[in-house]
Amino acid sequence: MTDPKDTINIENVVASTGIGQELDLQSVAMDLEGADYDPEQFPGLVYRTQKPKSAALIFRSGKIVCTGAKSTTDVRESLHIVFDKLRDLRIPVSDNPDITVQNIVTSADLGEDLNLNAIAIGLGLENIEYEPEQFPGLVYRLDNPAVVALLFGSGKLVITGGKEPDDAREAVDVILSRLDELGLAG
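Under the numbering used here, the first residue of the sequence shown carries the number 5, and numbering increases by one thereafter.
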């Protein structure tokens with residue numbers, strides 16, 4: 005049987021940074037090729053990088069949120085591309101702005117069907133939400149690591165809220181050990 009930790013896949017990395025000054029987004033949008041800016045739809049300018057693939061949301065305050073990257077390395081590379089593009093427009097950006105990973109979304113597969121009703125009862129109501137009429141997954145809030153796992157009857161998981169790629173591995177270990185304690189793991 006495949007180790008569920010070997011099925012972990014990073015789906016999205018979200019990171020934030022800032023350049024410490026306000027921007028005239030209208031003028032940046034005109035000068036930055038490929039930028040998307042429609043303030044009636046969204047208050048920020050959207051700039052997409054292709055290699056690595058991501059979208060940077062640039063706000064008037066100088067704050068930047070990067071989303072859509074598939075690794076922490078890619079999110080940093082994408083932001084450095086954005087910094088260079090802004091420098092090309094003669095916007096001063098420090099050499100190494102702080103980049104903070106806010107959220108890593110991963111998926112995994114436990115490799116077996118799950119009885120979500122039994123799991124909901126076994127785990128107790130303080131850490132879970134399970135309303136199958138509203139949403140087909142069980143929401144399990146873990147304290148350590150501090151993530152939220154969505155468990156589906158198919159055995160698939162989505163883990164969100166991680167700050168490090170290893171948070172997903174730890175979460176899978178915690179979930180498997182809790183299911184094992186409850187006699188609900190294969």
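The beta-carbon is built from N, C-alpha and C at its ideal position, and this holds for glycine as well.
inquiry  = Below 8 Å, how does it come out for the segment 42 to 56 and the segment 128 to 141: are there three or more Cβ pairs, yes or no?
reply    = Counting Cβ pairs under 8 Å, fewer than three are found: no touch.
key: Contact check, residue 108 vs residue 83, beta carbons under 8 Å   = Residue 83 sits away from residue 108, with the two beta carbons spaced by 8 Å or more.
ask   = DSSP three-state call for residue 121: helix, strand or coil?
value = In this structure, residue 121 counts as helix in the three-state DSSP scheme.
message = Using the three-state DSSP reduction, which class does residue 31 fall into: helix, strand or coil?
response = Collapsing the DSSP output to three states places residue 31 in a helix.
message = Using CA atoms only, rank isn't needed, just tell me which of 186, 130, 129 and 114 is closest to residue 173.
response = The shortest CA-to-CA distance from residue 173 to any of 186, 130, 129 and 114 is the one to 114.
task = Return the CA-CA distance between residue 150 and residue 143, expressed in angstroms with no decimal places.
result = Taking the straight line joining both Cα atoms gives about 13 Å.
request  = Inspect the beta-carbon positions of residue 112 and residue 12 and report whether they are closer than 8 Å.
outcome  = Yes, they are a contact pair.
key: Terminal residues of the beta strand (DSSP E) in which residue 14 lies   = Annotation: the continuous beta strand (DSSP E) that includes residue 14 extends over 13 to 22.
query = Per DSSP, residue 97 is paired with what?
reply = Within the DSSP secondary-structure output, residue 97 pairs in no beta bridge.
key: Length of the line joining the Cα atoms of residue 36 and residue 177   = Taking the straight line joining both Cα atoms gives about 45 Å.
request  = Using three-state DSSP, classify residue 69 as helix, strand or coil.
outcome  = DSSP places residue 69 in strand when its eight states are reduced to three.
inquiry  = Distance check for residue 120 and residue 157, CA to CA, integer angstroms please.
reply    = Approximately 6 Å between the Cα atoms of the pair.
ask   = beta strand (DSSP E) containing residue 103: first to last residue?
value = Boundaries cannot be given for residue 103, as no beta strand (DSSP E) includes it and DSSP labels it neither H nor E.
ask   = Rounded to a whole number of angstroms, what is the C-alpha to C-alpha distance between residue 1 and residue 59?
value = Residue 1 is absent from the structure shown; the chain starts at 5 and stops at 190.
Residue 32 beta carbon less than 8 Å from that of residue 93 = For residue 93 and residue 32, yes; Cβs fall inside 8 Å.
query = Around the C-beta of residue 21, are 16 or more other C-beta atoms found within 10 angstroms, so that it is buried, or is it exposed?
reply = Buried, because 16 or more other Cβ atoms sit within 10 Å of the Cβ of residue 21.
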